[in-house]
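Number of protein chains: 2
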Amino acid sequence: MKQLYIIGIGPGGLEHLSPAARAAIAASAELVAYPLYLDLLGSLTDGKTRHDRPLGEEIARARLALDLAASGRPTALLSSGDAGIYAMATLVFELLDREPRPVWTAVAIQVIPGISAMQAAAARVGAPLAHDFCTISLSDLLTPWETIEARLHAAGQGDFVVALYNPVSRRRTWQLVQAREILLNYRDADTPVIIARNVTRSNESIAITCLTDLEPAQVDMLTLVLIGNSETRYIRGWVYTPRGYQNKVSSTPGQAGPAVVKITK
Amino acid sequence: MKQLYIIGIGPGGLEHLSPAARAAIAASAELVAYPLYLDLLGSLTDGKTRHDRPLGEEIARARLALDLAASGRPTALLSSGDAGIYAMATLVFELLDREPRPVWTAVAIQVIPGISAMQAAAARVGAPLAHDFCTISLSDLLTPWETIEARLHAAGQGDFVVALYNPVSRRRTWQLVQAREILLNYRDADTPVIIARNVTRSNESIAITCLTDLEPAQVDMLTLVLIGNSETRYIRGWVYTPRGYQNKVSSTPGQAGPAVVKITK
């Protein structure tokens, strides 16, 4: 059987690489990925052919992976995080849909999920994603800004916790400012915000701030931004969003936790 | 050090249990969880004390886990999926916030993320979560229905892919009908819908249908429902949501994939 594995390797630290992902990498002869992700895998790539392609060549990478698998070599197409969330899996299906090649029909495809950056970031600070949330990519490379703007308004109106993917790039910073301003129409200035960079990697840094103080200078391409909803609370270094709006936990008068305050870890 | 691990064990199949979660279970003497989740772990629970509490006793479970950890026994509080997504982690922080006990201050807490059901379900069928999405719990036990309804409208307006958690319970089925009717105001009747039950477990079943045909009878408490957005496509057994709205993949005239059709796997 001709095999293509589409693998999410998780946020970076190998302690979050699932056994399913590890087994699929071991079973592959050809590894196709952005170079950084192959480096994160360390010795797991030993003895395999690395096809490291730069950022921006995502479609070429997906096509190459399909071609390699069709040639009979077991192939892994790797993304960081979850391969199905803002990552490579969808490009493979889009190619199969829109540019099908007869040789690809013999390829068996298996998608293996992984821990996404928002989940690793949330775990580091508590449980900010514990109730309804949405993810929005601020990259307007493939999605018109009007669509992104409408989603930010919808997120505000629906009081969703928001995970911002691709918050900035080297040349693209005003979108994050716009996102902040749109959400400030719906949320308090002191809404907790988590700025998580390189989560679970050796150079991890995590800061907790508040919505009004969120600035592009704090963020880069390796950063994920989590913005609380109207219920999200900051307590002694932790951030959590309660499960519901009618507290089952009895509130002891005078013992409520501290109000949300800005800190930087 | 007094230690409490809050662990997401993933969707069920141990091939998705992260090494970090496995190590934390191994380091724990006391395991607190809903019985089904402990059963999923098989021999990993050998030699440990099981505190299996029924559904509905979530706060008692969180309190017990904090007390056990405070007593000096390394303790794991386990959820299926991601401990931070509609799960136990937030209850621990809510207790620390609203009902703090002095003995709990000595407990070091570590949250370990896991693969959520929506990710495992998405991987099985392709890449439906590949662009902006939101999660909505249809349980109105703790959240007023008006809030849930507002979120369904926001999800429709924002054209988010929607993951429905807690779609029904034994006595609660009209909410799923309402959710379908609200989303049908914004989306085509043939929008792809994935109905995933017990994903990655021995009795997994996955069906692909369309929005207008989504019925409570197809769904139970162990089911996750994924609803595509206006761009989500069904092709030959796979479902994917394209990464953007301006296709970089060239469309070959006359070679476009088949229109969305209803199938049941």
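From first to last, the protein sequence lines are chains D and B. Letter by letter, the first sequence follows residues 1 to 265 of the working numbering. Letter by letter, the second sequence follows residues 1001 to 1265 of the working numbering. Where a beta carbon is used, it is the ideal one built from N, C-alpha and C, also for glycine. Computed from a predicted structure; not experimentally measured.
**Request:** Go ahead and pull the three-state DSSP assignment for Y186/D.
**Result:** coil
**Asked** Taking the alpha carbon of P1216/B as the point to measure from, which residue in S1028/B, R1201/B, Y1240/B and P1167/B has its own alpha carbon closest?
**Response** P1167/B
**Prompt:** Is the Cβ of L1004/B closer than 8 Å to any Cβ of chain D?
**Reply:** no
**Request:** Anything in chain D within Cβ reach of R1151/B, meaning under 8 Å, just list it in chain order.
**Result:** D132, G158, D159 and F160
**Item:** Endpoints, the beta strand (DSSP E) within which H51/D is located
**Value:** T49 to D52
**First through last residue of the beta strand (DSSP E) which encompasses L224/D** = T223 to I227
**Prompt:** Can you tell me whether M1088/B is buried or exposed, with buried defined as 16 or more other CB within 10 angstroms of its CB?
**Reply:** buried
**Request:** Answer yes or no: does any C-beta atom of chain D fall closer than 8 Å to that of L1211/B?
**Result:** no
**Message:** Is there a Cβ of chain D sitting closer than 8 Å to that of K1265/B, yes or no?
**Reply:** Annotation note: pLDDT 37 at K1265/B (below 50); position unreliable, coordinate value reported separately. Not one chain D Cβ lies under 8 Å of K1265/B.
**Item:** 8 Å Cβ cut-off: residues of chain B touching I136/D
**Value:** D1132
**Message:** Is there a Cβ of chain B sitting closer than 8 Å to that of W238/D, yes or no?
**Reply:** yes
**Request:** For the alpha helix (DSSP H) holding Y1037/B, just list the boundary residues, first then last.
**Result:** P1035 to L1040
**Request:** Please go through the same chain and pick out, in chain order, the residues whose beta-carbon is closer than 7 Å to the beta-carbon of F1160/B, but skip the five residues on each side of it.
**Result:** D1132, F1133, C1134 and N1229
**Asked** Can you list the residues of chain B that R233/D reaches, using a CB-CB cut of under 9 Å?
**Response** F1093, E1094 and D1097
**Message:** I need the straight-line Cα distance from L142/D to V1111/B, nearest angstrom please.
**Reply:** 35 Å
**Request:** Starting from the Cα of S1202/B, find the closest Cα among A1130/B, I1009/B, I1115/B and L1014/B and give me that residue.
**Result:** L1014/B
**Request:** Output, in chain order, the set of chain D residues within a Cβ distance shorter than 8 Å of P1112/B.
**Result:** According to the sequence displayed, residue 1112/B carries Ile and not Pro. Within chain D, the residues near I1112/B are A123.
**Message:** Run through chain D and tell me which residues come within less than 8 Å of E1015/B, C-beta to C-beta.
**Reply:** S18, P19, A20 and A23
**Message:** With the cut-off set at 8 Å, would you say I1195/B and V1162/B are in Cβ contact?
**Reply:** no
**Message:** Quick check: what's the CA-CA separation for V177/D versus Q3/D?
**Reply:** 44 Å
**Asked** Considering A69/D, what are the terminal residues of the alpha helix (DSSP H) in which it resides?
**Response** E58 to A70
**Message:** Below 8 Å on C-beta distance, what does P242/D contact in chain B?
**Reply:** T1090 and E1094
**Asked** Leaving out the 5 sequence neighbours to the left and right, which residues in its chain are closer than 6 Å to D82/D when beta-carbon positions are compared?
**Response** G8, P113, G114 and S116
**Proximal chain D residues relative to L1129/B, where beta-carbon distance stays under 7 Å** = G84 and I85
**Request:** Tell me whether V1177/B sits in a helix, a strand or coil according to DSSP, three-state version.
**Result:** helix
**Item:** Where P192/D sits in the DSSP three-state scheme
**Value:** strand
**Asked** For V272/D, does the count of other Cβ atoms within 10 angstroms reach 16, so buried, or fall short, so exposed?
**Response** Only positions 1 to 265 of chain D appear in the structure, and residue 272/D is not among them; the question remains open.
**Message:** DSSP three-state label for I9/D, please.
**Reply:** coil
**Request:** Examine the ligand SAM and report whether any of its heavy atoms sits within less than 7 Å of the Cβ of A117/D.
**Result:** The model depicted lacks the ligand SAM and carries no ligand whatsoever.
**Asked** Skipping 5 residues on each side, what residues in its chain have a beta carbon closer than 6 Å to that of R124/D?
**Response** I206
**Asked** In whole angstroms, what separates the C-alpha of L1129/B from that of V1103/B?
**Response** 42 Å
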